[in-house]
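As given, the protein sequences belong to chains W and U, one line each in that order.
Counting from 1, one number per residue, gives the positions in the first sequence under full-length UniProt numbering.
Counting from 1, one number per residue, gives the positions in the second sequence under full-length UniProt numbering.
Beta carbons: idealized from backbone N, C-alpha and C, even for Gly.
Computed from a predicted model, the values in this text were never measured in an experiment.
Protein chains: 2
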Amino acid sequence: MEKLKKYVSVKDEDHFYHQGAVELLIFNFLLILTILTIWLFKNHRFRFLHETGGAMLYGLLMGLIIRYVTKSPDVESGTVYECEKLKSGPSTLLINITNQVYEYQYKREISHHNVNGHQGNAMLQKMTFDPSIFFNILLPPIIFHAGYSLKKRHFFRNLGSILTYAFLGTAISCIVIGLIMYGFVKAMVHIGQLKQWEFHFTDCLFFGSLMSATDPVTVLAIFHELNVDTDLYTLLFGESVLNDAVAIVLTHSISIYSPKENPNAFDAAAFFQSVGNFLGIFAGSFAMGSSYAVVTALISFMHLTKFTKLCEFPMLETGLFFLLSWSAFLSAEAAGLTGIVAVLFCGVTQAHYTYNNLSPDSKMRTKQLFEFMNFLAENVIFCYMGLALFTFQNHIFNPLFIFGALVAVFVARASNIYPLSFLLNLGRKQKISRNFQHMMMFSGLRGAIAFALAIRDTDSQPKQMMFTTALLIVFFTVWVFGGGTTPMLTWLQIRLVPVGVDPDEDLNAKAASQSASNLDKNTTKAESAWLFRIWYGFDHKYLKPLLTHTGPPLTSTLPGWCNPVARLLTSPRAYGDQLKDGDTDYIINNDELTENYEPSAHIPVPAQDSTGSIQATGKEDIQEGDLGLGGYKLQLQHTACQPQKNSLA
Amino acid sequence: MEKLKKYVSVKDEDHFYHQGAVELLIFNFLLILTILTIWLFKNHRFRFLHETGGAMLYGLLMGLIIRYVTKSPDVESGTVYECEKLKSGPSTLLINITNQVYEYQYKREISHHNVNGHQGNAMLQKMTFDPSIFFNILLPPIIFHAGYSLKKRHFFRNLGSILTYAFLGTAISCIVIGLIMYGFVKAMVHIGQLKQWEFHFTDCLFFGSLMSATDPVTVLAIFHELNVDTDLYTLLFGESVLNDAVAIVLTHSISIYSPKENPNAFDAAAFFQSVGNFLGIFAGSFAMGSSYAVVTALISFMHLTKFTKLCEFPMLETGLFFLLSWSAFLSAEAAGLTGIVAVLFCGVTQAHYTYNNLSPDSKMRTKQLFEFMNFLAENVIFCYMGLALFTFQNHIFNPLFIFGALVAVFVARASNIYPLSFLLNLGRKQKISRNFQHMMMFSGLRGAIAFALAIRDTDSQPKQMMFTTALLIVFFTVWVFGGGTTPMLTWLQIRLVPVGVDPDEDLNAKAASQSASNLDKNTTKAESAWLFRIWYGFDHKYLKPLLTHTGPPLTSTLPGWCNPVARLLTSPRAYGDQLKDGDTDYIINNDELTENYEPSAHIPVPAQDSTGSIQATGKEDIQEGDLGLGGYKLQLQHTACQPQKNSLA
């Protein structure tokens, strides 16, 4: 019979009522400090420590205080229990103590070697919150915001390159890190630095996949403030957003991968099953996310055709929008798919269709709401990462492993960016310059996603070691590379507007107009693929009229015999509001579009349509992270809520 | 040795990753249903079931489904454990199961007679979430919103009556319910309906205090839509908001009350200690809430006097505002005070001082954010109340007790409203009419606060019976009285605007202008007490200039020798912006004000000042619950962000 110790913090009746308040207060305090610091930094144009780095630093200090200053009053009162009848850890446990039944809930597994640590410190235990909070509450707003604020025109212009970096690049990165780490682990076992743990190749690949998720937050915030070249911005933004999705699905697929015999041997069947899993999960999540967005678009579209106008109740509209988007995430998770991928594509689709149906008030409300949630969630995560270094109780620091991981991460990033850029440049008219490649290499920070993937599973010792290593790599990259972004940009001569010109000016507007003038120059042949053009035509002719008030009326795009149905489905505004179609902003070339569009159109597109769409782009573009600039106009046109009856054809 | 059973739900590794997603999805689904229903109801002008009633109904149905349709796969696998060494329920439990240590967290106490019920249904367990979530996350936004959206002018005009109802009325209600329930319990024990539980008089008082918290949500939402008489609205709003605070502190004080000997005997020392507790907690919470608001005001004020302008970063400003307000709640809770009271007064103070300092963008952002959070939190709570009837596992239904409680609640409400109205009418010029009194009697719904107070403590059997009873009374009052509000208003001939005139019109503006014209007519002598006038003078002369940009410059109100300090502390805008002082809207009478203000003012108030303030009232008034009406203009004046240098004296 094993001897166990009891590490018990006595249930304090007096403080029972205030449970949770102190922990939340600590987070609030950290966030307030962070905001005040950001304000100070912005004021002094101090860019060497970004807000995320600051949040992490404060978290770190707070963790230090909690760990070494607060008492751990429960360690002494330790005596414990053996439960012989239990065969596995149940999720709920009923225990009879002095004739009263208490219910206990499963929290986590604890490794033996760590039981003696700071186990008894109740404060530490309370500060380490459930990983499911990360995944269900903190991550969705960040990812959704990324999708919702995607600059469509630039994104689609560079779609080919972005997809290459995101899919192929992440796969390369994962495999390279996996291989290097496997070599390192073998060597460490050989020289006796690592004991006979079961550190399989799949574990190394798992680590590789989670470390392949790059974080857009820090670098892009700086890019945004400094008005860096829009193409570089879009490449990095698109890559890091999609790459998160790919890395998450990859991690999930690898954790399912289970070869039958020797775990180190290559099992073709299991491998293909994993690839199948990857594709299935990705496609399923994509479908789940998009369909929720389509439902939202349909609901918000319906209200204008009927006499009920949902847009008269901006609160309901915003609430529905918010809840349906979150449901996309939760449904995907509940169905065993990947919520992050679902919510990302939900965001993209919402911006593409639903956004056009919203009332002007709701457009602004949703934008500000998601911006705010994104801001809070981001800073909470970075504070928590700082805290976790001292409050998480099962760290395993292995300097050699950490060093190896650091090397692996850089080699992997290099073998992702440089070869792929070389290949892409073969097809691109507008080459990705050497300096851009260096900047992309430099921008491979690791952040929230890598951390969240690592903390999801810390049951076994290899996983704990991976978690500790991932955390330290996040610290290192955010502080060193995040802090070095501005000098690096100067050094590589990428920045467009010198520091100190006029930071109060609306950089977004400038960027938009500047990029608009570059529109034709930057057009690359490789990107405007036929598949994309077919999709665009289909979207413009059928989906947009069906789901939004923009685009040509369905009656003109559908065959004649569909006319009664088409008339029913077309919004009255569609006839008159073609001018307002701001979503043509991802058209590669206006000539290409009309060439593809005109043959089946019964009503020729009026000349002012295309000019109108170009003028509208700047207005309709969702600008991301208006954190410091807040320059958008809040003037609303309430007329948009009423169907324009006089413009009915 | 006692025999125990093990009710264990096997930890499913596959579903471990998705934990929490399904439960959140259920709530999302309920909320989406509720929103769609509200939309439908609003469209058909169907007012017999309010949204809160609808949310509760959906929750009830969902609870029914979860309880009786979902499988409870864990009941069969029951075998269990005795832990002889444990003397009390620890908050954390380490258990060694087949050589692996697992950590378990204390969840709750379970009464013996309930262990056999639906204990094993994991779904039910997951749906009953922690009461601390109510208190720390769901309630604060609702209460803060109430304080933030208080219509100051009407509130202060009726302050005396509101305070009487809130303090004296709640105390009366608590004692009456306590006495009646004590009689009922005695009688029930006598006829053998109730066993020898220890149902002391303090328990009855505890029940009385928690049942005295009336809920403003349902009735006021209907009042707001129907444009009911503003004085009645304000009386009910003020009463129900303050009454919640009083009831919470009262419940807390009673739960601390511990007479030394016989718990049924009256212990003068313990009683006075409880009264002292009540006053101390109330005053402390008030101070805590206001001081956080003052800090926020100072921070947001600072930015305009220095070259750093926080209002250029609306996101930071909004974030700081949100976090500091929430911190007021959490600090009060952590300090053993009452967070709800703190956050209420924090809201009132924020609206009074900080709101004036915010940039126009932030003004709207904060208003919309808190409105949205209030909307979501409210509907989550009402859904959850519906769910709780079937998912909460320790209900004790006692029909006699429930009947007694129902009677007690009505008798208590009657002995609160009618006698106090009679007394107040002795002093009021504008009497509270008979019909108003009936309507106030009728509007005594119980809601979120009563429920939250009851669910906070369900460890013992009397407390469980109280919880069940409270829940059923909430159902009854929300459905019957909430649904009956519209007919009752018609019957009592209180409604001002007949149904169906034009609900799309901006009722707020109409109400504001109408009430402005009634300003002089409604002035009552009893309300404009000297204490209030002194406070107003102090606030206007010293606090407002110190904390906001409104009011007279400090240099004119402070004595001459304070001039250097005063000049330092006065905002440059204060000299020029006196016209914009919209917060004089709670002045009882402009003549009274100037009479009180002029003697010490060095610069005479220009004539257009008072006219300006009257014109500004409609604009600056924070309108509550713009849920359906959304009629405010979103045009911002960016000029407010820049100090008007030309207007410097």
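So, residue i versus residue j, is the Cβ gap smaller than 7 angstroms?
| i | j | result |
| --- | --- | --- |
| SER253 (chain W) | PHE282 (chain W) | no |
| THR214 (chain U) | THR52 (chain U) | no |
| LEU33 (chain W) | TYR58 (chain W) | yes |
| ALA377 (chain U) | LEU138 (chain U) | yes |
| ALA332 (chain W) | SER285 (chain W) | yes |
| ILE432 (chain W) | ASN425 (chain W) | yes |
| ILE396 (chain U) | MET465 (chain U) | yes |
| ALA247 (chain U) | THR170 (chain U) | yes |
| residue 656 (chain U) | ASN357 (chain U) | Because chain U in this structure spans residues 1 to 649, residue 656 (chain U) falls outside the shown range and cannot be described. |
| LEU210 (chain W) | LEU453 (chain W) | yes |
| ARG365 (chain W) | GLN193 (chain U) | no |
| THR477 (chain U) | PHE467 (chain U) | no |
Looking at the C-beta of residue i, does it have a partner C-beta in chain U at a distance below 7 angstroms?
| i | result |
| --- | --- |
| GLN368 (chain W) | yes |
| ARG365 (chain W) | yes |
| GLY319 (chain W) | yes |
| TRP39 (chain W) | yes |
| ILE35 (chain W) | yes |
| PHE401 (chain W) | no |
| TYR182 (chain W) | no |
| ASN136 (chain W) | yes |
| TYR104 (chain W) | yes |
How would you call residue i, buried or exposed, if buried means at least 16 neighbouring beta carbons within 10 angstroms?
| i | result |
| --- | --- |
| PRO314 (chain U) | buried |
| VAL380 (chain W) | buried |
| ARG434 (chain U) | exposed |
| PHE422 (chain U) | exposed |
| MET440 (chain U) | buried |
| PRO140 (chain U) | buried |
| HIS224 (chain W) | buried |
| TRP535 (chain U) | exposed |
| HIS145 (chain W) | buried |
| PHE271 (chain U) | exposed |
| GLN350 (chain U) | buried |
| HIS540 (chain W) | buried |
| PRO131 (chain U) | buried |
| VAL499 (chain W) | Confidence in VAL499 (chain W) is poor, its pLDDT being 39 and thus under 50, which makes the residue's placement too unreliable to answer from. |
| VAL275 (chain U) | exposed |
Any C-beta of chain W sitting closer than 7 angstroms to the C-beta of residue i?
| i | result |
| --- | --- |
| MET315 (chain U) | yes |
| LEU31 (chain U) | yes |
| VAL22 (chain U) | yes |
| PHE467 (chain U) | no |
| TYR58 (chain U) | no |
| PHE375 (chain U) | yes |
| GLU333 (chain U) | yes |
| TRP491 (chain U) | no |
| ASN356 (chain U) | no |
| ALA287 (chain U) | no |
| ASN28 (chain U) | yes |
Based on DSSP bridge pairs, tell me the residues matched to residue i.
| i | result |
| --- | --- |
| THR214 (chain W) | W:ARG446 |
Just verifying my parser: in three-state terms, what is the DSSP assignment at residue i?
| i | result |
| --- | --- |
| TYR257 (chain W) | coil |
| THR230 (chain W) | helix |
| LEU69 (chain U) | The identity of residue 69 (chain U) in the sequence shown is Val, whereas the question assumes Leu. Note: VAL69 (chain U) maps to coil in three-state DSSP. |
| ASN357 (chain U) | helix |
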